[in-house]
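Numbering (our numbering), first residue to last: 35 to 411. Every residue gets a Cβ at the ideal spot worked out from N, C-alpha and C, and that includes glycine. This report concerns only the one structure given below.
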Amino acid sequence: MEIMQTLHMNKGDGETSYAKNSKVQNKIISIAKPIVEEAVLQLLESKNVVPMESMGIADLGCSSGPNTLLLISEIMDVLHSKIGSSSSSTEFRVFLNDLFSNDFNTVFMSLPAFYNQLRDDYFHKRSLQGPSPNLFVSAVPGSFYGRLFPKKSLHLVHSSSSLHWLSQVPASLDSKASTALNKGKIYISKSSPQCVLDAYSLQFQNDFSLFLKSRAEEVVPGGRMVLSFMGRPTPDPTSEQSCYHWELMAHALMSMVLEGLVEEEKVDSFNAPYYAPCAEELNLEIQKQGSFIVDQLEAFEIGWDPDADQENDQTVASSGKRVAKTIRAVVESMIEAHFGNEIMDDLFRRYAELVSSHLSKSRTKYINLVTSLVRTA
Ligand SMILES: C[S@@+](CC[C@H](N)C(=O)[O-])C[C@H]1O[C@@H](n2cnc3c(N)ncnc32)[C@H](O)[C@@H]1O
């Protein structure tokens with residue numbers, strides 16, 4: 035299954051939309067903010083890059099909702115405070131990328147308010163008046179596993195909560211003959227045979243090296259990338275932090291199989307096009323590809339439910355519901371394409387209960403990796 039055909043975050047701004055259920059990803063952006071700021075400052079000090087008439091900035095996997103333009107605001111804030119009035123001569127080309135099926139309409143509708151806010155912040159802080167800062171936003175639909183931009187046109191690339199999505203389900207797991215390989219599971223699990231772990235790891239290596247190769251063409255020497263995405267703390271890909279949210283989804287589906295609501299073969303033939311690498315794997319791919327140097331690489335923990343009062347067990351039921359809504363906003367399009375729309379409400383209700391029960395016993399957290407890279411000269 036190619037991810038491009040089925041993955042999109044839930045559209046619009048309704049109850050189950052990504053816009054209304056993306057607090058975890060918002061928190062990840064805030065935690066990584068100092069690393070982005072540092073990368074912008076370093077970029078401005080790079081002799082290869084300044085002075086510049088026109089600066090290319092790309093956000094890959096931008097989705098739609100409050101997070102989409104947040105990062106761009108943060109970057110513009112740093113740029114304006116650092117280069118001040120001289121920035122009035124620099125033109126900023128901002129590219130928002132996501133898959134073709136992304137809700138770009140909602141993104142476009144939010145642009146007027148974004149431009150107004152940017153102009154107010156910019157001129158208010160400087161007690162100035164005048165036209166908007168020279169910022170030109172465009173959308174670039176397509177997969178980041180391949181070329182998206184002209185050669186040497188970008189100075190800063192950012193991507194948050196997106197690169198854990200593979201380009202496809204590992205090919206060796208995506209055929210009728212292989213449905214029995216990962217029985218009753220939909221991602222790497224403690225019960226998965228080694229060949230499943232290997233297939234995922236290989237797909238990640240192929241995808242991530244293609245990502246780096248594509249960006250290496252597009253980013254100027256001395257240009258920067260800040261990438262953050264789900265990872266895992268140890269080389270063991272079956273560790274709880276990297277896969278337990280998928281494990282619980284498999285349990286929810288299997289409970290529906292037991293009640294005759296879902297065919298078992300449907301569960302056996304579904305595998306998520308997702309991979310949470312460890313820092314060592316990431317480093318190895320960056321070194322092998324050879325076009326970028328790692329400036330920083332950090333891992334941090336994020337609670338499954340950022341609104342949870344971690345000390346209070348009474349809240350786990352509502353935590354379960356919130357976690358289920360967050361996951362639903364992200365994976366529903368893909369799960370629905372395979373299992374059909376009729377089971378969605380029931381599935382995510384069961385999932386919420388399983389998450390609550392799990393959180394009452396264990397405070398499993400996601401691990402997020404964030405890395406800041408420099409394009410070699
Ligand atoms: C969880 S959202 C993150 C959105 C936003 N960056 C944030 O932090 O809230 C992940 C986004 O990555 C996009 N995505 C996944 N694979 C992609 C690919 N190969 N190329 C471009 N975008 C991709 C998805 O469509 C989705 O909108």
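- Option nearest residue 387 by Cα separation, candidates 358, 411 and 398: Mapped onto the sequence shown, residue 387 falls at position 353. That would be 358, whose Cα lies nearest to the Cα of residue 387.
- What are the boundary residues of the alpha helix (DSSP H) that includes residue 379? Here residue 379 corresponds to residue number 345 of the sequence shown, with the count starting at 1. Unbroken alpha helix (DSSP H) run through residue 379: 378-395.
- Message: Could you give the first and the last residue of the continuous beta strand (DSSP E) run that contains residue 375?
- Response: As a first step, residue 375 must be located in the sequence shown, where it is residue number 341. Looking at the DSSP string, residue 375 is not in any beta strand (DSSP E), and its letter there is neither H nor E.
- Message: Please report the straight-line C-alpha distance between residue 311 and residue 331, rounded to a whole angstrom.
- Response: Within the sequence shown, numbered from 1, the residue matching residue 311 stands at position 277. Within the sequence shown, numbered from 1, the residue matching residue 331 stands at position 297. Each residue's alpha carbon lies about 13 Å from the other.
- Going straight from the alpha carbon of residue 257 to that of residue 89, what length do you get? Mapped onto the sequence shown, residue 257 falls at position 223. Mapped onto the sequence shown, residue 89 falls at position 55. Cα to Cα, residue 257 sits roughly 10 Å from residue 89.
- Message: Check for me: the alpha helix (DSSP H) holding residue 301 runs from which residue to which?
- Response: Counting from 1 along the sequence shown, the entry for residue 301 is found at position 267. Under the DSSP assignment, residue 301 falls in the alpha helix (DSSP H) whose first and last residues are 298-302.
- Can you round the beta-carbon distance between residue 306 and residue 221 to whole angstroms, since I take them to be within the 8 Å contact cut? Indexing the sequence shown from 1 puts residue 306 at position 272. Indexing the sequence shown from 1 puts residue 221 at position 187. About 5 Å separates the two Cβ atoms, so the contact holds.
- Bridge partner(s) assigned by DSSP for residue 127: Position 93 of the sequence shown, counted from the first residue, corresponds to residue 127. Answer is 90 and 170, bridged to residue 127.
- Query: What's the gap between the Cα of residue 489 and the Cα of residue 199?
  - Reply: Because the chain spans 35 through 411 in this model, residue 489 falls outside it and cannot be assessed.
- For residue 333, the first and last residue of its enclosing beta strand (DSSP E): Within the sequence shown, residue 333 is the residue found at index 299, counting from 1. Looking at the DSSP string, the run of the beta strand (DSSP E) that includes residue 333 is 326-337.
- Message: Could you compute how far the alpha carbon of residue 391 sits from the alpha carbon of residue 43?
- Response: Start at 1 with the first residue of the sequence shown, and residue 391 comes out as number 357. Start at 1 with the first residue of the sequence shown, and residue 43 comes out as number 9. The straight-line gap from Cα to Cα measures roughly 26 Å.
- Query: What is the DSSP secondary structure of residue 106, reduced to helix, strand or coil?
  - Reply: As a first step, residue 106 must be located in the sequence shown, where it is residue number 72. Correct three-state label for residue 106: helix.
- Message: According to DSSP, simplified to helix, strand and coil, what is residue 48?
- Response: Here residue 48 corresponds to residue number 14 of the sequence shown, with the count starting at 1. Reduced to three states, the DSSP call for residue 48 is coil.
- Message: Buried or exposed for residue 405, going by 16 or more other Cβ atoms inside 10 Å?
- Response: The residue given as residue 405 occupies position 371 in the sequence shown. Buried is the call here.
- Item | Nearest candidate by alpha-carbon position, reference residue 151, set 185, 110, 137 and 178 | Position 117 of the sequence shown, counted from the start, is the residue given in the question as residue 151. The shortest CA-to-CA distance from residue 151 to any of 185, 110, 137 and 178 is the one to 110.
- Query: For residue 223 versus residue 94, is the C-beta spacing smaller than 7 Å?
  - Reply: Looking up residue 223 in the sequence shown gives position 189. Looking up residue 94 in the sequence shown gives position 60. No. Outside cutoff.
- Query: Would you say the beta carbon of residue 194 comes nearer than 6 Å to a heavy atom of ligand 1?
  - Reply: Position 160 of the sequence shown, counted from the start, is the residue given in the question as residue 194. True, at least one ligand heavy atom lies under 6 Å from that Cβ.
- Buried or exposed for residue 134, please, with buried defined as at least 16 other CB atoms from any protein chain shown within 10 angstroms of its CB. Along the sequence shown, read from residue 1 onward, the residue named residue 134 stands at position 100. Exposed.
- Where residue 258 sits in the DSSP three-state scheme: Here residue 258 corresponds to residue number 224 of the sequence shown, with the count starting at 1. Looking at residue 258 - three-state DSSP - the assignment turns out to be strand.
- May I have the straight-line CA-CA distance separating residue 400 from residue 170, to the nearest angstrom? Along the sequence shown, read from residue 1 onward, the residue named residue 400 stands at position 366. Along the sequence shown, read from residue 1 onward, the residue named residue 170 stands at position 136. For residue 400 and residue 170, the distance between alpha carbons rounds to 35 Å.
- Just the C-alpha distance for residue 96 and residue 264, rounded to the nearest angstrom, thanks. Stepping through the sequence shown from its first residue, residue 96 is reached at position 62. Stepping through the sequence shown from its first residue, residue 264 is reached at position 230. One Cα belongs to residue 96, the other to residue 264, and the distance between them is close to 16 Å.
- Query: Under a Cβ-count criterion, where at least 16 other Cβ atoms within 10 Å of its own Cβ denotes burial, should residue 143 be classed as buried or exposed?
  - Reply: Residue numbering aside, residue 143 sits at position 109 when the sequence shown is read from its first letter. By the 10 Å Cβ count, residue 143 comes out exposed.
- Message: What residue range does the beta strand (DSSP E) around residue 189 cover?
- Response: Translated into the one-based positions of the sequence shown, residue 189 becomes position 155. Element bounds for residue 189: 188-194.
- Any heavy atom of ligand 1 closer than 6 Å to the Cβ of residue 43? As a first step, residue 43 must be located in the sequence shown, where it is residue number 9. Under cutoff, so the answer is yes.
- 8 Å contact criterion, which residue 55 and residue 363 should meet: CB distance rounded: Mapped onto the sequence shown, residue 55 falls at position 21. Mapped onto the sequence shown, residue 363 falls at position 329. Indeed, because the Cβ distance is near 4 Å, the residues count as touching under 8 Å.
- Item | Bridge partner(s) assigned by DSSP for residue 63 | By 1-based counting over the sequence shown, the position of residue 63 is 29. Beta-bridge partners of residue 63 (DSSP): none assigned.
- Would you report the Cα separation of residue 101 and residue 60, rounded to the nearest angstrom? Translated into positions along the sequence shown, residue 101 becomes position 67. Translated into positions along the sequence shown, residue 60 becomes position 26. Distance between the alpha carbons of residue 101 and residue 60 is about 6 Å.
- Query: Does DSSP put residue 220 in a helix, a strand or coil?
  - Reply: Residue numbering aside, residue 220 sits at position 186 when the sequence shown is read from its first letter. Residue 220 falls in the coil class under three-state DSSP.
- Message: Determine whether the beta carbon atoms of residue 290 and residue 40 lie at a separation below 7 Å.
- Response: Looking up residue 290 in the sequence shown gives position 256. Looking up residue 40 in the sequence shown gives position 6. Not a contact, by the Cβ cut-off of 7 Å.
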